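A.B. asks:
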Amino acid sequence: MNSQFEATPLPLPLPSADLLSIARLVPQGSRVLDLGCGTGELLAYLINQRGCSGYGVEISDANVQACVARGVNVMQLNLDEGLALFADNSFDVVLQIDTLQHLRNAEIMLRETARVGRMGIVAFPNFAHWPNRLAVLRGRMPVTKILPYQWYDTPNIRVGTLRDFEALALQNQLHILDSFGLQDGREVRFWPNLRATRAVFKFQGQLPL
Numbered sequence: 002m003n004s005q006f007e008a009t010p011l012p013l014p015l016p017s018a019d020l021l022s023i024a025r026l027v028p029q030g031s032r033v034l035d036l037g038c039g040t041g042e043l044l045a046y047l048i049n050q051r052g053c054s055g056y057g058v059e060i061s062d063a064n065v066q067a068c069v070a071r072g073v074n075v076m077q078l079n080l081d082e083g084l085a086l087f088a089d090n091s092f093d094v095v096l097q098i099d100t101l102q103h104l105r106n107a108e109i110m111l112r113e114t115a116r117v118g119r120m121g122i123v124a125f126p127n128f129a130h131w132p133n134r135l136a137v138l139r140g141r142m143p144v145t146k147i148l149p150y151q152w153y154d155t156p157n158i159r160v161g162t163l164r165d166f167e168a169l170a171l172q173n174q175l176h177i178l179d180s181f182g183l184q185d186g187r188e189v190r191f192w193p194n195l196r197a198t199r200a201v202f203k204f205q206g207q208l209p210l
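Counting in this note's numbering, the final residue of the sequence shown is number 210, and the numbers go up one at a time with none missing.
This is the structure in structure tokens:
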């Protein structure tokens, strides 16, 4: 399914502290593609406050309608089918914010993110955060604010850590420009794999010569 909706931007409240931290990584005036954009909260902020343009991609009917209400141009598309409709370097920035863990073809979509955008930004729940480690030591899967589901009803296909993504980026010849953790909107750069609930990476599509 592939349909497109457009709307006029409206005044909106600020997004969450974590999303504001991620938004600062996006240069002013960028052309942005937000993969798995949800209700369009981040993209609406980038359009209204940072002079960006672009599209969100979302599969949920309810989220598509929420994007339209926020004034976000949105395409209804199943990301597991790929991004073949976009040419190389079509966008300045491609976002995958809390999307990677839901995708069946996560590695392929990561390479597609690097192909379609001059820069990619990925964020996902960091499973190595110390409370999660403690829960596993106690023999239970963690249930937290950022991972709120029980093991038997979670929409997450997989979980990962900062170190896992570093290895995946190297395996796929991606050049990491910046990485850090987020904890309640604050950047965590000292031991982020242990101390942060969310991992954030900014990267380009190939290793420098």
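Backbone N, C-alpha and C define an ideal beta-carbon position, used for all residues, glycine too.
The model shown is predicted, which means the values in this text are computed figures rather than measured ones.
Taking 6 Å as the limit between beta carbons, can you name the residues of its chain near T40, skipping five residues before and five after?
C.D. replies: For this step, residue 40 is matched to residue 39 along the sequence shown. Closer than 6 Å at the Cβ level, and outside the excluded window around T40, lie N64, A67.
A.B. asks: Would you list the one or two residues that DSSP bridges to R214?
C.D. replies: The requested residue 214 does not occur in the structure, where the chain is confined to residues 2 to 210.
A.B. asks: Using the C-alpha atoms, what's the distance from A85 back to E108?
C.D. replies: Looking up residue 108 in the sequence shown gives position 107. Looking up residue 85 in the sequence shown gives position 84. Looking at the two C-alpha atoms, the distance is approximately 15 Å.
A.B. asks: For E113, which residues in the same chain have their Cβ closer than 7 Å to its Cβ, ignoring the five residues on either side in sequence?
C.D. replies: Position 112 of the sequence shown, counted from the start, is the residue given in the question as residue 113. Cβ within range, chain order: G83, L84.
A.B. asks: What residue does the beta strand (DSSP E) around Q205 start on, and which one ends it?
C.D. replies: Along the sequence shown, read from residue 1 onward, the residue named residue 205 stands at position 204. Taken as a continuous stretch (DSSP letters only), the beta strand (DSSP E) holding Q205 covers 199–205.
A.B. asks: So the alpha helix (DSSP H) Y150 belongs to, where does it begin and stop?
C.D. replies: What you label residue 150 is simply residue 149 of the sequence shown in a count that begins at 1. That residue, Y150, is in no alpha helix (DSSP H); it is neither H nor E in DSSP.
A.B. asks: Apply the 10 Å Cβ neighbour rule to Q102 and answer buried if 16 or more other Cβ atoms are within range, or exposed otherwise.
C.D. replies: Here residue 102 corresponds to residue number 101 of the sequence shown, with the count starting at 1. The residue is buried, with at least 16 neighbouring Cβ atoms inside 10 Å.
A.B. asks: Across which residues does DSSP place L96 in a beta bridge pair?
C.D. replies: Along the sequence shown, one-based indexing puts residue 96 at 95. Answer is D35, I122, bridged to L96.
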